[in-house]
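K.L.:
Sharing a structure here in structure tokens format.
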Amino acid sequence: MATAAVDLELERAEPGVLPPGPRLPALVQFLHLGFRPIAFLEECDRRYGTPFTLRVPARPPLVMFSDPEAIREIFTGDPELLRAGEANNLLEPMLGQHSLLLLDGPRHLRERRLMLPPFHGERMQAYGRVMREIADRSIDAWPVGRPFPIHERMQAITLDVILRTVFGLDEGDVLDHLRERLRRLMAFVSGTLGVLLLMPWLQRDLGPFTPGGRFVRLAREIDDLLFAEIARRRADGVAGRDDILSMLIAARDEDGQPMSDQELRDEMVTLLLAGHETTATSLAWAFHRLLGRPDVLGKLRAELRAVAGDGPLEPEHVGRLEYLDAVVKETARLSPVIPQVSRRLQAPTRIGGCDLPAGVVASPCIYLTHRRPDLWPSPALFDPDRFVGARPNPYAFFPFGGGVRRCLGAAFATYEMKIVLAEVLSRVELRAAPGYTVRTVRRTVTLAPSGGMPVVVERVAPAQPG
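Heads up: the sequence shown at position 346 corresponds to 347 in the working numbering, and the numbers run straight through without jumps.
Put into structure tokens, the structure is as follows:
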């Protein structure tokens, strides 16, 4: 695969219907996006400015925007004309056709209303105690004095948080089997071959040794467990249970109809795959950024001590941690785990002064927008102070997307990041592993630090009771 040093010969496209973009074959553009995403996006941005057009096999042209006014037009436009679900349909083999990420129109509205109550802000404190308990249990097992990949430990924490909060599972065979199969699935999806699952023809089951075939077989094992748990929960009843699956089983739409087993399965898979991997990756990036700025790390630890004192950090403390909030936001600005969000146009539409034909995909590029020097002075600098006391423009800072399609779990993910970061930094002295140089690598749809972000723990303090 080409490296960033290779001249891509990105020639300006002939004037035409779409904004300019690279003349490389669609397959080559896909490989660049898959294996060197940041360098390729930055090269295109330097060459063409905003917007520019990318092409990948078997998909409509992708028009990338990093101008806040154009992004405002996309996020506030008619969702019937700018369809996010249709733009995400390449994820259907992974998530299922009923996933909230793949729905548009009335079906999307119905599903979102059904799923909203479990993610309401008032439930965060109850979730927070579970998050802290799981983080403490993981920290107790961290090795001292030798490197280990902190990304993997964050994945283990966020997976157990999802299994506890979504399924209400804390122990037993169902939990063990589900955890083991999900880890195998995520290891495959996050590996080198996982990127190939974004190619439509490689999503097909062509045998157990093909990318699509391996995924289908792993997913089928998980489906068997999920459908069995849904059936058991329906049979036993959900009265008195407060996990998300039980709340969704009990939920009814405006016509009094419940979610079907298949709808429940697809939303559970969406939460399991998207909900824990994105947060774990954001946490890994946060540790990378903090360990590179001892001054920021010291300031954050001082805030944690000032708020929690000698006792444990309680969930109710989180709202008072202004600098922690700024650290989480600055991590999301500098290292967004999703590079862009997308809408497919249903009719000719003018966006950012460009007349675009029906069928193309308009994509607000999170990564490029978050790095614009006219929006963010010294954009490559990790500087949480830029968010202290500030209210960012939602069209210049949108790590969770925007408009009616803003991520339903944004508050949950942000809260979890704060709880886990606070618990680790209150108990653990750690540093980056010697000789480590970070690269951004694509793990199917997320952008992660290479090598699992290895760290060395120097000291672990006992967990505070509480």
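Ideal placement from N, C-alpha and C gives every residue a C-beta, glycine not left out.
Only a predicted model underlies this, so the values are computations on that prediction, with no experimental measurement involved.
Between the C-alpha atoms of D386 and V175, what's the straight-line distance to the nearest angstrom?
P.N.:
In the sequence shown, the residue the question calls residue 386 occupies position 385. In the sequence shown, the residue the question calls residue 175 occupies position 174. Looking at the two C-alpha atoms, the distance is approximately 45 Å.
K.L.:
To which residues of the same chain is L292 closer than 8 Å at the C-beta, ignoring the five residues directly before and after it?
P.N.:
As a first step, residue 292 is located in the sequence shown; it is residue number 291 there, counting from the start. Contacts found: L298, L431, R432, A433, V456.
K.L.:
What do you get for A462, buried or exposed, if any count of 16 or more other CB atoms within 10 angstroms of its CB means buried?
P.N.:
As a position in the sequence shown, residue 462 is number 461, starting the count at 1. With fewer than 16 other Cβ atoms within 10 Å, it is exposed.
K.L.:
With DSSP run on the structure shown, which of helix, strand or coil describes I420?
P.N.:
Mapped onto the sequence shown, residue 420 falls at position 419. Note: I420 maps to helix in three-state DSSP.
K.L.:
Buried or exposed: H121, going by 16 or more other Cβ atoms within 10 Å of its Cβ?
P.N.:
If you number the sequence shown from 1, residue 121 lands on position 120. Burial call: exposed.
K.L.:
Could you tell me the boundaries of the alpha helix (DSSP H) in which D137 lies?
P.N.:
The residue labelled residue 137 in the question sits at position 136 within the sequence shown. Its alpha helix (DSSP H) spans residues 125-140.
K.L.:
So does the region 413-420 actually touch the region 123-139, counting three or more Cβ pairs closer than 8 Å?
P.N.:
Yes, since at least three Cβ pairs between the region 413-420 and the region 123-139 fall closer than 8 Å, the two stretches touch.
K.L.:
When you measure from the CB of P365 to every non-hydrogen atom of the ligand ADP, does any distance come out below 7 Å?
P.N.:
Annotation note on the ligand ADP: not contained in the displayed structure, which lists no ligands.
K.L.:
Tell me whether Q263 sits in a helix, a strand or coil according to DSSP, three-state version.
P.N.:
The residue given as residue 263 occupies position 262 in the sequence shown. In this structure, Q263 counts as helix in the three-state DSSP scheme.
K.L.:
How would you write the range of the alpha helix (DSSP H) that M248 sits in, first residue to last?
P.N.:
Position 247 of the sequence shown holds residue 248. 245-251 is the extent of the alpha helix (DSSP H) around M248.
K.L.:
Going by other Cβ atoms of all chains shown within 10 Å of its Cβ, with 16 needed for buried, is A229 buried or exposed?
P.N.:
Along the sequence shown, read from residue 1 onward, the residue named residue 229 stands at position 228. Exposed is the call here.
K.L.:
Might you give, ordered along the chain, the residues of its own chain that have their beta carbon closer than 6 Å to the beta carbon of F413, omitting 5 neighbours on each side?
P.N.:
The count along the sequence shown starts at 1 and reaches residue 413 at position 412. Only F120 meet the Cβ criterion.
K.L.:
Please confirm whether F76 and Y396 have their CB atoms less than 8 Å apart.
P.N.:
Position 75 of the sequence shown, counted from the first residue, corresponds to residue 76. Position 395 of the sequence shown, counted from the first residue, corresponds to residue 396. For F76 and Y396, yes; Cβs fall inside 8 Å.
K.L.:
Which first and last residues belong to the alpha helix (DSSP H) in which P38 is found?
P.N.:
In the sequence shown, counting from the first residue as 1, residue 38 sits at position 37. Counting along the chain, the alpha helix (DSSP H) containing P38 begins and ends at 38-49.
K.L.:
Name the DSSP beta bridge partners of S364, please?
P.N.:
Locating residue 364 in the sequence shown gives position 363, where the first residue counts as 1. Paired residues: M65.
K.L.:
DSSP three-state call for V270: helix, strand or coil?
P.N.:
Start at 1 with the first residue of the sequence shown, and residue 270 comes out as number 269. Correct three-state label for V270: helix.
K.L.:
Please report the Cβ distance between A59 and P201, rounded to the nearest whole angstrom; I am assuming they are in contact, meaning their Cβ atoms lie under 8 Å.
P.N.:
As a first step, residue 59 is located in the sequence shown; it is residue number 58 there, counting from the start. As a first step, residue 201 is located in the sequence shown; it is residue number 200 there, counting from the start. Going by Cβ atoms, the distance from A59 to P201 rounds to 5 Å, so yes, they are a contact pair.
K.L.:
Going by DSSP in three states, R321 sits in which element: helix, strand or coil?
P.N.:
Here the question's residue 321 lines up with position 320 in the sequence shown. Correct three-state label for R321: helix.
K.L.:
Would you kindly work out how many angstroms separate the C-alpha atoms of V362 and Y128, rounded to a whole number?
P.N.:
Within the sequence shown, residue 362 is the residue found at index 361, counting from 1. Within the sequence shown, residue 128 is the residue found at index 127, counting from 1. For V362 and Y128, the distance between alpha carbons rounds to 37 Å.
K.L.:
Quick check: what's the CA-CA separation for P337 versus G35?
P.N.:
Translated into the one-based positions of the sequence shown, residue 337 becomes position 336. Translated into the one-based positions of the sequence shown, residue 35 becomes position 34. Cα to Cα, the separation comes out at about 16 Å.
K.L.:
What residue does the alpha helix (DSSP H) around D161 start on, and which one ends it?
P.N.:
Position 160 of the sequence shown, counting from 1, holds the residue named residue 161. Where D161 is concerned, the enclosing alpha helix (DSSP H) stretches over 151-168.
K.L.:
Could you check how far apart the C-beta atoms of E323 and V389 are, in whole angstroms? I think they sit under 8 Å.
P.N.:
For this step, residue 323 is matched to residue 322 along the sequence shown. For this step, residue 389 is matched to residue 388 along the sequence shown. E323 to V389, Cβ: 6 Å. Contact.
K.L.:
Would a C-beta distance cut-off of 8 Å place V458 and H289 closer than the cut-off?
P.N.:
Your numbering for residue 458 matches position 457 in the sequence shown. Your numbering for residue 289 matches position 288 in the sequence shown. For V458 and H289, no; Cβs fall outside 8 Å.
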